[in-house]
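If you read the sequence shown in the working numbering, its first letter stands for residue 2, the second for the next number, and so on.
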Amino acid sequence: MAAVDDLQFEEFGDAATALAANPDGSTISIEDADETPKHQPGPPRGAGREEDDELLGNDDSDKTELLAGQKKSSPFWTFEYYQTFFDVDTHQVFDRIKGSLLPIPGRNFVRLYIRSNPDLYGPFWICATLVFAIAISGNLSNFLIHLGEKTYHYVPEFRKVSIAATVIYSYAWLVPLALWGFLLWRNSKVMNIVSYSFLEIVCVYGYSLFIYIPTAILWIIPQKAVRWILVLIALGVSGSVLAMTFWPAVREDNRRIALATVVTIVLLHMLLSVGCLAYFFDAPEMDHLPTATATPNQTMAAAKSS
């Protein structure tokens, strides 16, 4: 049986000291686990795959979709179900507004900003702000145009608020609904078509209208040339967001159908902007035109005939 002193543990120093004490012994070097090779060759990726990822923004979309799928969904009759549509922070809203003002060529707005967490908070308040901006600016523009006329009496036109609300909210909901149904129908015909949810399409249309808020305020300037330049700039920015977002969704479809779809989206957007400018700002105000007064000769002629 070994003695007690033979079972005692001994402290060893570094490897050099241990080898000096026991030349016949062997040492084992254990490298630090944190030290890893700096360069590790990865699997090569094809140029086509990188181009698709750059166009659709698929770099992190799969991860965000998996994380979004882990969220528990509540029944639609509960308040929690609708609360998820407004579950966004200020940073996300500003980021999406910035993306709608500065569209990046070759990048998909849905996958880049919306797909991780589509919301209705931004679109709702953008549409509400745009309604009041158009109505108030239209009244101020009418007042400035007729300012100085002795026969003009300013009367606020509150009906412009209801008309603007009907037009803006109908466009922001009915057009996305029709487009969503069309994409579902074409997806059943062509398997390669990218499908967007109705909430994602509404979100894109809502944020694309933000550019019209400062544009509507600048429409107060009583110069038609300046107004039309402003509407062309706003139409170019917001229309490019819609075109670059929905073109990847239909580009695998028939060429004529894909082009017709994008052209229809842009034309409807143009109809909204030009219609708002023509009705709320450039339309003649017949109610405020000066009424013709009868001359003395006309009065005397009317008295003789009677």
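Glycine is no exception: its CB is placed at the ideal position from the N, C-alpha and C atoms. It should be emphasised that the depicted structure is a prediction, and the values quoted were computed from it without experimental measurement.
Please check the pair residue i and residue j, which I expect to be a contact at CB under 8 angstroms, by giving their CB distance rounded to whole angstroms.
| i | j | result |
| --- | --- | --- |
| L272 | V203 | Wrong, their Cβ atoms sit about 19 angstroms apart, outside the cutoff. |
| C128 | A179 | Not really, about 17 angstroms apart at Cβ, beyond 8 angstroms. |
| S209 | S101 | 5 angstroms |
| L243 | I266 | 5 angstroms |
| S142 | P223 | 7 angstroms |
Pick from the options: whose alpha carbon is nearest that of residue i?
| i | options | result |
| --- | --- | --- |
| D88 | P124, L148, V227 | P124 |
| N188 | D254, M245, Y170, H92 | D254 |
| P249 | N143, F110, A279, Y213 | F110 |
| I234 | Y153, R252, L219 | L219 |
| I115 | P106, P215, S198 | S198 |
| P104 | V264, V205, L260 | V205 |
| L268 | V251, K151, S241 | S241 |
| K161 | N140, G149, W181 | N140 |
| Q84 | P119, G107, R108, Q93 | P119 |
| K225 | L278, A166, K99, G107 | L278 |
| L200 | L175, V191, K190, A217 | L175 |
Pick helix, strand or coil for residue i, following the three-state DSSP scheme.
| i | result |
| --- | --- |
| D60 | Here the model assigns D60 a pLDDT of 48, short of 50, so the residue's position is not dependable and the matter cannot be decided. |
| N255 | coil |
| L145 | helix |
| G182 | helix |
| R46 | The predicted position of R46 is uncertain, since its pLDDT is 45 and thus under 50; a value taken from the coordinates is nonetheless stated next. Correct three-state label for R46: coil. |
| Q93 | helix |
| G308 | With the chain covering 2 to 307 only, the question about residue 308 has no answer from this structure. |
| S274 | helix |
| E286 | Residue placement at E286 cannot be trusted, given a pLDDT of 48 that sits under 50; what the coordinates show is reported in the next sentence. It is coil, neither helix nor strand. |
| S198 | coil |
| L121 | coil |
| D33 | Reliability of the predicted coordinates at D33 is poor, the pLDDT of 46 falling under 50, and the value obtained from them is presented with this limitation in mind. DSSP places D33 in coil when its eight states are reduced to three. |
| P104 | coil |
Is the distance from the Cβ of residue i to the Cβ of residue j below 8 angstroms?
| i | j | result |
| --- | --- | --- |
| V232 | V275 | yes |
| I169 | F281 | no |
| A261 | R252 | no |
| L131 | I214 | yes |
| F247 | V264 | no |
| L184 | S171 | no |
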